[in-house]
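For the record, the sequence lines run as chains A and B. Be aware that the first sequence starts at 49, since it is given in this note's numbering, and climbs by one per residue. Be aware that the second sequence starts at -10, since it is given in this note's numbering, and climbs by one per residue. Below you'll find the structure, written out as structure tokens, and then a few comments.
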Amino acid sequence: MTMPLLTIEHLTMRFGGLVAVNDLSFDVHRGEITALIGPNGAGKTTVFNCITGFYKPTEGRLSLKHPDNQTYLLERLPDHHINWKAKVARTFQNIRLFQGMTVLENLLVAQHNPLMLASGYSILGLLGSKSYARSEKAALDKAVGWLERINLIERADDPAGDLPYGDQRRLEIARAMCTDPVLLCLDEPAAGLNPRESLELNALLTSIRADGQTSLLLIEHDMSVVMAISDHVVVLDYGVKISDGAPEEVRNDPRVIAAYLGVDDDEVAAVEAEVGL
Amino acid sequence: MKQATHSPSSDAFNLVQALKDAGFAGMVTFGLCVPIVAFRAEQDMANKLVLQQRWWMALVITGLVIVSRLLFSLHQHSRRNDHAHQKSAAFAGILEQIKPFLAPLGFGFITIYPLVMLAMHGPGGSIKWIDNFGIQILIYVMLGWGLNIVVGLAGLLDLGYVAFYAVGAYSYALIATKVIPETFPFLGVWAFWICLPISGLLAALWGILLGFPVLRLRGDYLAIVTLAFGEIIRLVLINWVDFSNGYAGLSSIPRPSFFGIPFNASDTGFAAVFNLEFSPIYRTIFLYYVILVLSLMTAYVTLKLRRLPVGRAWEALREDEIACRSLGINTTITKLTAFAIGAMFGGFAGCFFAARQGFISPESFVFHESAQILAIVVLGGMGSLFGVVVASIALVGGIEILRELDFLKEVFGPTFDPSQYRMLVFGVAMVLMMLWKPRGLISTRDPSMIYKERKAISGSMVQEGHG
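In structure tokens:
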């Protein structure tokens, strides 16, 4: 077992009377791909929004431990610090690219904070300093590197909104990776992809894991993706964790099967007894 | 009809139908004109109401409508035709060819414009052309470019931009008439040059003050609060009489000097120093070049900032604020810098305005000004600097031109004043724009960074921002 990168303890999120996530605890381990799965409305995206600062959790603690042992309590950070200081990046279920900006510009916006420092909060940049020009070149090289990696270099100067759906998904992942995250949260990255694109996505995600800098947490409905690439699966249902473990364990867990498929009427009592309801 | 649209080349122009449409439009117009135009009750010398009949005017308007309707039919017909498409493609090709020469030519023209006018109309006659057209248009170009940062780049709809214009103007007026004479009288001739940066900074400060309460607002709500902010500044200026002298305004504001040499008839004045005959035209020409330099500075800073991270963050904010937050961009700071920098250029323009007029009152800073500046930005195409110039020339210059159309008096009689119809023309122009060019004159976006090839981005792709 590797070191936990992100430890979620007793996370609860209530919206008025609705309890979207209830007393959820799990770990995301360094260098692994962790999948968060569950039926529709189970609270997966709410967990993501808590981790990435879009929601402030009602209760609970989200502690992120960097390789240099610096610890960040995500629930206490202002939202832009979660990416900039704690190095947690995310993508969205409905793709959120800057559609009217070019593919290249999308990746440069992602490097906003380091470039802002390099441009002396725009003052050095306005004066045309050499050091800013160097940083800008470095940012451009990094963006080009990612575009080559996701096979979009030919379309660098096209508006992001013009790309086909699958390319937009990959570009969004590349944009998140341009912020040098230690944890990348992917909200349904395979949604709407055809089987070939889905395989390409698997290859991209495993190559990011192989780089060793970034651990991944993903929400996914496509079980072929989840079972093929994830090291660790957490199953949510109605905001409660019902299973947590390696993919094979989770696949055979009767609670998970019951949550996904339901059970026959005459088996309800038996399953309930088994899962302890 | 349906078949005709499927095979455009075989679509013959249906003259009978077009005439029928035009005749119908004419009938409707004439029907409307009978009560509105043809009869007019006017007071005579004895204060009695006299019914005047103006059938000729009703007939002229009806005729205009019939001709316009015919032209419209013809236009729609040609749009359906392949031939017309080729023609417009050829036109676009020509436009593409002359494009590289457009900027230097335009720049050369605006640089020598006052001298050309001076040569054409002499020192007396050219003041009108340099001041009313040149300076007036350039002030609006600068205001448009300033507001363009807030509305066009950052996508924050600001209906109260005139407030910063007012802050700049009053900063200069108050400091130059009250503070400097009492504290450093010897700085009097330099007042404009000292106050210019101060006005900009004060306006930027007010931009940040406005920015804070509206950070959480979007779209319509943002627009309403900024509108209210513009009104608040104006009402404070009206009612705080001790501070701003209320409705009466501030007068005898010092005029700018030629870097320390005043433009007056004295022995140390500009004309005497340069061995010229005294004439007010020198100051006007100088003011023209001052506002030209100020505008070009605005454009330069905007173009530079667009290529810096802060400019890219503004545009990203316009495209998708939530994605910006997920990438660690501090949206609060980003919005505030957009407000502050936009307001700063408004402040510079206000300072210049006060120095040019020599008198300011709250009347100069009404909502109509905000609306006009916003119209220039929207008409020009959000985010486009060149579009703002074209829109300023069309809106500001066009309205000034209306005053010059004296020949219309011979058509409509001596009491006809074309400039009274400026709001009507303004409105019609806006409606036509929204029909034909809903994204503004220049509707493409220029990328801020190129990998291999510069490709303009279609306006339909670019978001307008949600505030």
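C-beta atoms are modelled at their ideal positions from N, C-alpha and C, and glycine is treated no differently.
Assuming residue i and residue j form a contact by the criterion Cβ under 8 Å, report the distance between their Cβ atoms to the nearest whole angstrom.
i, j, result
"B:L391", "B:S408", "5 Å"
"B:F341", "B:I128", "7 Å"
"B:G376", "B:I431", "4 Å"
"A:L152", "B:Y440", "5 Å"
"A:T150", "A:D205", "5 Å"
"B:V156", "B:L191", "6 Å"
"A:H114", "B:G317", "That belief does not hold up - the Cβ atoms of A:H114 and B:G317 are roughly 15 Å apart, past 8 Å."
"A:S263", "A:L231", "5 Å"
"A:L188", "A:L200", "Between A:L200 and A:L188 the Cβ distance is about 15 Å, and since that is not below 8 Å, they are no contact."
"B:F181", "B:P245", "4 Å"
"B:G196", "B:A329", "4 Å"
"A:F96", "A:C226", "Not really, about 19 Å apart at Cβ, beyond 8 Å."
Does the distance from the CB of residue i to the CB of residue j come in under 9 Å?
i, j, result
"A:P87", "A:A307", "yes"
"A:K265", "A:I81", "Lys is not the amino acid found at residue 265 of chain A; the sequence shown has Leu there. It is a contact, given that the beta carbons lie within the stated cut-off."
"A:P237", "A:I221", "yes"
"B:Y102", "B:G133", "no"
"B:G429", "B:A380", "yes"
"B:S359", "B:G448", "no"
"A:L121", "A:S111", "yes"
"B:A254", "B:F267", "yes"
"A:V273", "A:N300", "no"
For residue i, which residues of its own chain have a beta-carbon under 6 Å away from its beta-carbon, when the five flanking residues on both sides are left out?
i, result
"A:L84", "K92, I267, V282"
"B:H66", "F2"
"B:F337", "G189, L283"
"B:A158", "G339, F342, A343, I349"
"A:R203", "V151"
"A:V288", "N70"
"A:N161", "W132"
"A:P52", "D75, H77"
"B:R295", "S437"
Rounded to whole angstroms, what's the CA-CA distance from residue i to residue j? Just pull it up for me.
i, j, result
"B:A73", "B:K426", "The pLDDT assigned to B:A73 is 48, lower than 50, so where the model puts this residue is not dependable; a value taken from the coordinates is nonetheless given after this. In a straight line, the C-alpha of B:A73 is about 18 Å away from that of B:K426."
"B:C184", "B:S350", "18 Å"
"B:Q6", "B:I119", "49 Å"
"B:C22", "B:R272", "49 Å"
"B:R58", "B:L4", "12 Å"
"A:A224", "B:L297", "20 Å"
"B:A418", "B:I362", "15 Å"
"A:I56", "A:P105", "11 Å"
"B:F415", "B:I126", "16 Å"
"B:Q63", "A:D228", "The sequence given here places Leu at residue 63 of chain B; Gln does not occur at that position. Spanning the two alpha carbons is a distance of roughly 59 Å."
"B:Q32", "B:A47", "21 Å"
"A:D71", "A:D210", "42 Å"
"B:I227", "B:M16", "49 Å"
"A:F146", "A:D215", "14 Å"
"A:L252", "A:I198", "8 Å"
"B:I446", "A:L241", "26 Å"
"B:I221", "B:F153", "12 Å"
"B:S373", "B:N36", "54 Å"
"B:I164", "B:S233", "11 Å"
Which one of the options has the shortest CA to CA distance from residue i?
i, options, result
"B:W44", "B:L191, B:M419, B:T18, B:D231", "B:T18"
"A:R257", "A:G79, A:F102, A:G148, A:Y120", "A:G79"
"A:V192", "A:Y180, A:L110, A:L156, A:N161", "A:L156"
"A:L165", "A:H269, A:L309, A:E184", "A:E184"
"B:I270", "B:G114, B:L136, B:S241", "B:G114"
"B:M371", "B:E352, B:D435, B:R345", "B:D435"
"B:Q346", "B:F13, B:I242, B:S233", "B:I242"
"A:L66", "A:P302, A:Y286, A:L174, A:E296", "A:Y286"
"A:A137", "B:L384, B:L8, B:S315", "B:S315"
"A:S246", "A:D259, A:C233, A:M275, A:Q261", "A:M275"
"A:A90", "A:D301, A:G293, A:P295, A:H269", "A:H269"
"B:T100", "B:I169, B:L40, B:Y278", "B:Y278"
Identify, in the order they occur along the chain, each residue of the same chain with its Cβ nearer than 7 Å to the Cβ of residue i, setting aside the five sequence neighbours on each side.
i, result
"A:V298", "V281, V283, S291, V304"
"B:V130", "S284, V377, V378, S381"
"B:G457", "Here chain B comprises residues numbered -10 to 456, so residue 457 of chain B is not present and cannot be evaluated."
"B:L211", "L145, L146, V203, G456"
"B:V366", "G133, L136, N137, V140, G141, V377"
Kindly examine the ligand GDP and report whether one of its heavy atoms sits closer than 8 Å to the Cβ of residue i.
i, result
"B:P269", "This structure lacks the ligand GDP, and indeed carries no ligand of any kind."
Can you name, in chain order, every residue of its own chain whose Cβ lies under 8 Å from the Cβ of residue i, other than the five neighbours on each side?
i, result
"B:T323", "A143, V299, A302, W303, L306, C313"
"B:T321", "L204"
"B:A27", "Q42, R43, W44, M46, A47"
"B:S160", "C184, I187, S188, L191, A192, G336, G339, C340"
Can you name the residues of chain E whose CB is closer than 9 Å to the CB of residue i?
i, result
"B:S67", "In the displayed structure, chain E is absent; the protein chains listed are A and B."
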